[in-house]
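Asks: Okay, handing you the structure first.
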Amino acid sequence: MSVFDRLQKQLDIQKREHGISALELADLPPNLRKIMRLMLREVVLKYTDLCHAVEAMPAANRLSKPELDSALKTLVEQNWLLCTGEGEFLSYRVNLRRKAGSSLNKDIWASLDNRIAGSKSQEAPNQKINPGG
Amino acid sequence: MAVIVSIHSFRGGTGKSNLTANLASQIAVSGKRVAIIDTDIQSPGIHVLFGLNEEKMGRTLNEFLRSECSIEDVAFDIGEHIGDAPGRKSLAGKAFWLVPSSINSGEISRILRDGYDVGKLNEGMNRLIKGLKLDYLFIDTHPGLNEETLLSIAISDVLLVVMRPDQQDFQGTAVTVDIARGLDVPNLFLLVNKALTRYDPNQIREHVEGIFQAPVACVLPLTEDMADMGSADIFSLRYPDHPWSKSLREAAQAVLNAA
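Chains A and B, in that order, are what the protein sequence lines are. Under this note's numbering, think of the first position of the first sequence as 6, with each following residue one higher. Under this note's numbering, think of the first position of the second sequence as 13, with each following residue one higher.
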């Protein structure tokens, strides 16, 4: 892996840490929420496709182009959408925050792993006797 | 465009996985391309209704979330592997898949310990829809509210909230309904399960609809026949004329109509 690849990977990890959590979705203002719902369904969308998708919304929910652009600007600033490319290649990708692991002491998990490994090794002889289950 | 259907309950024991399996099966039998994804990573169970155990299920969602395989590798073809249960025989040759979560205790503890990439789960569902050309993706969620549950609600076209006629369920369902409205879910239905047969289902329906201001897709009776089966088969396929199955098909029709 080259230095550039490692750097890019690190940047990707940092972006993921600053992404939106599912818990925050419900608290978004309506326009931002509409865009995020669209993006969550598609994961990646070109700007032009996003414009078409917004145009296809029911009239009551539709965002104007300035509203769409403003919503996108906010979502990108918050790192909830990642923006790549320019011009006709301009596209957006949804950035969901990683679900955090347990904050329990590591010794507890190590102990659980040992127990599980122990019980598996005790089960093994039975499985050999009756492999069909 | 595929329809995403999330089945949720605020509390455990409502029969959510059983309902998901039965609803998805009914829609698969009608000729639609259907998959179920078990996002109840902490306490998976829906695979049992399709005759799977740890050895038979092969790759799991847990492995996909760790980037050890593709989501297509995890999708278990139910239509090709129906086993010998009488109900499931109706699923032979149907375009129907299950993405199971691991039942291995070490795998479950690993997810709890390390967390996982929620974005990858979302991308996996998107890829599943496109790769398998799905008409319907059913998401079986963990009871209560957590990351994957909220994500599934946020991306759903149809949300079915399962509840029993029980005061604890009423309060919990109110929380879920509030969140679903906050997330702009287009089609929200309630499913009342395990209703005592001595009460009029129409009165239960009116009562629940009045409280939550949301349509009730069906009222399913509490039945010993279902308990007796013990998740060994798809009840509504094995006993299509049973009152439970008839009510269940009302909910399936509501899902089809909502789309």
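Glycine included, C-beta positions come from ideal geometry on N, C-alpha and C.
Would DSSP call asparagine 2 (chain B) helix, strand or coil?
Replies: Because residue 2 (chain B) is not part of the residues shown, which for chain B are 13 to 271, the question remains open.
Asks: For tyrosine 148 (chain B), write down the residues that DSSP places opposite it in a beta bridge.
Replies: Partner(s): B:Val15 and B:Val46.
Asks: Put leucine 64 (chain B) into one of helix, strand or coil per three-state DSSP.
Replies: If DSSP states are grouped into helix, strand and coil, leucine 64 (chain B) belongs with coil.
Asks: Just checking: is the beta-carbon of leucine 184 (chain B) within a distance shorter than 8 angstroms of some beta-carbon in chain A?
Replies: As written in the sequence, residue 184 (chain B) is glycine, which differs from the leucine given in the question. Answer no: the Cβ-Cβ gap between glycine 184 (chain B) and chain A never drops below 8 angstroms.
Asks: With asparagine 202 (chain A) and histidine 23 (chain A) assumed to form a contact (beta carbons below 8 angstroms), what rounded beta-carbon distance in angstroms separates them?
Replies: Look at the range of chain A in this structure, 6 to 138, and you will see that residue 202 (chain A) is not part of it.
Asks: With 8 angstroms as the threshold, decide whether the Cβ of tyrosine 128 (chain B) is near any Cβ in chain A.
Replies: Interface residue, yes.
Asks: Nearest to isoleucine 83 (chain B) by CA position, among B:Asn138, B:Gly118 and B:Gly105, is which residue?
Replies: Of B:Asn138, B:Gly118 and B:Gly105, the residue nearest in Cα terms is B:Asn138.
Asks: What does lysine 104 (chain A) reach in chain B if we use C-beta pairs closer than 7 angstroms?
Replies: Under the 7 angstroms cutoff, chain B gives Gly127, Tyr128, Val130 and Glu159.
Asks: Helix, strand or coil for lysine 106 (chain B), going by three-state DSSP, please let me know.
Replies: In this structure, lysine 106 (chain B) counts as coil in the three-state DSSP scheme.
Asks: Can you name the residues that DSSP bridges to valine 49 (chain A)?
Replies: Partner(s): A:Arg98.
Asks: Using a beta-carbon distance below 8 angstroms, is glutamate 135 (chain B) in contact with chain A?
Replies: Glutamate 135 (chain B) counts as touching chain A.
Asks: When the Cα atoms are used, what is the spatial distance from leucine 208 (chain B) to serine 37 (chain B)?
Replies: The straight-line gap from Cα to Cα measures roughly 25 angstroms.
Asks: Looking at the C-beta of alanine 244 (chain B), does it have a partner C-beta in chain A at a distance below 8 angstroms?
Replies: False, the Cβ-Cβ gap to chain A never drops below 8 angstroms.
Asks: Name, going along the chain, the residues of the segment 142-170 of chain B whose beta-carbon falls closer than 7 angstroms to a beta-carbon of chain A.
Replies: The segment 142-170 of chain B vs chain A, Cβ under 7 angstroms: Glu159, Leu162, Leu163, Ala166 and Ile167.
Asks: Can you tell me which of A:Ser107, A:Ile25 and A:Asn36 puts its alpha carbon nearest to the alpha carbon of proline 71 (chain A)?
Replies: Closest option to proline 71 (chain A), Cα to Cα, is A:Asn36.
Asks: Output the distance between the C-alpha atoms of cysteine 230 (chain B) and arginine 217 (chain B), rounded to the nearest integer angstrom.
Replies: If I take the Cα positions, the gap works out to 8 angstroms.
Asks: Quick check on DSSP: helix, strand or coil for histidine 254 (chain B)?
Replies: Coil.
Asks: So, is the C-beta of tryptophan 114 (chain A) closer than 8 angstroms to a C-beta in chain B?
Replies: True, the Cβ-Cβ gap to chain B drops below 8 angstroms.
Asks: Answer with yes or no whether the minimum CB distance from glycine 24 (chain A) to chain B is below 8 angstroms.
Replies: Cβ-Cβ to chain B under 8 angstroms: yes for glycine 24 (chain A).
Asks: Does DSSP classify isoleucine 25 (chain A) as helix, strand or coil?
Replies: Of the three classes helix, strand and coil, the one that applies to isoleucine 25 (chain A) here is strand, per DSSP.
Asks: Along the segment 19-38 of chain B, what residues have a CB closer than 8 angstroms to any CB found in chain A?
Replies: Those would be none; no residue qualifies.
Asks: Could you please tell me which residues of the segment 42-72 of chain A, in chain order, have their CB closer than 8 angstroms to any CB of chain B?
Replies: Listed by position, the residues of the segment 42-72 of chain A near chain B (Cβ gap below 8 angstroms) are Arg42, Leu45, Arg46, Glu47 and Val48.
Asks: Taking a contact to mean a Cβ-Cβ separation below 8 angstroms, would you say aspartate 152 (chain B) touches isoleucine 48 (chain B) in this structure?
Replies: It is a contact, given that the beta carbons lie within the stated cut-off.
Asks: Can you round the beta-carbon distance between leucine 101 (chain A) and glycine 131 (chain B) to whole angstroms, since I take them to be within the 8 angstroms contact cut?
Replies: The pair is a contact, with the Cβ atoms about 4 angstroms apart (cut-off 8 angstroms).
Asks: List the whole-angstrom C-beta distance separating leucine 110 (chain B) from histidine 59 (chain B), where the pair is believed to meet the contact cut-off of C-beta under 8 angstroms.
Replies: Indeed they touch by this definition, with Cβ atoms about 6 angstroms apart.
Asks: Against chain B, does asparagine 36 (chain A) count as a neighbour if the rule is that its beta carbon must be under 8 angstroms from one of theirs?
Replies: Chain B contact via Cβ: absent.
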